[in-house]
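Take a look at the structure set out below.
Numbering (my numbering), first residue to last: -7 to 147.
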């Protein structure tokens, strides 16, 4: 197991990992508006990698359990993910009984909320860019983790 972890860390080293560099490029494209429909898939894949290799990032999910479903009205985005047992899993299908289900107007609204300097859910609700069912604290926690990732890699 230690050999696998060392090999994984080598592969994911900032200068050596093609997969990580590809994901960072895709994340940058999503944030800049070039491929917004893939934002959640790219973000969740990058988060999965970071939880494996970065202890400080992994602290965000220690002891945290939550189920999410995020989609948009256009049908381009429909992703579910779950934090349980200090791990994160995600899928493109709906999961039963999410703690929060969020329906954004479009993929651009997802990007502007997650990567905003100050994600203001009330403003998004008032402008009909988002509707939700569940506990908003879960959404804020996810937005915090997304912003943390953006600041760490994209500045």
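Think of the CB as a built atom: it goes at the ideal place given N, C-alpha and C, for glycine as much as any other residue. This structure is a prediction, so every number in the text was calculated from the model and none was measured.
Cβ pair residue i, residue j closer than 7 Å
i           : j           : result
residue 61  : residue 90  : yes
residue 43  : residue 92  : no
residue 73  : residue 36  : yes
residue 101 : residue 121 : yes
residue 64  : residue 99  : yes
Selected residue, minimal CA-CA separation from residue i, among the options
i           : options           : result
residue 69  : 78, 31, 106       : 31
residue 76  : 59, 126, 123      : 59
residue 125 : 95, 57, 67        : 95
residue 78  : 134, 116, 55      : 55
residue 50  : 85, 97, 80, 113   : 80
residue 84  : 143, 116, 34, 115 : 34
residue 66  : 114, 97, 119      : 97
Beta-bridge partners of residue i, as assigned by DSSP
i           : result
residue 73  : 60, 82
residue 117 : Paired residues: none, contrary to the question.
residue 134 : Its beta-bridge partners do not exist; DSSP assigns none.
residue 94  : 62, 124
ask   = Are the segment 101 to 109 and the segment 121 to 141 in contact at 8 Å, needing three or more beta carbon pairs?
value = yes
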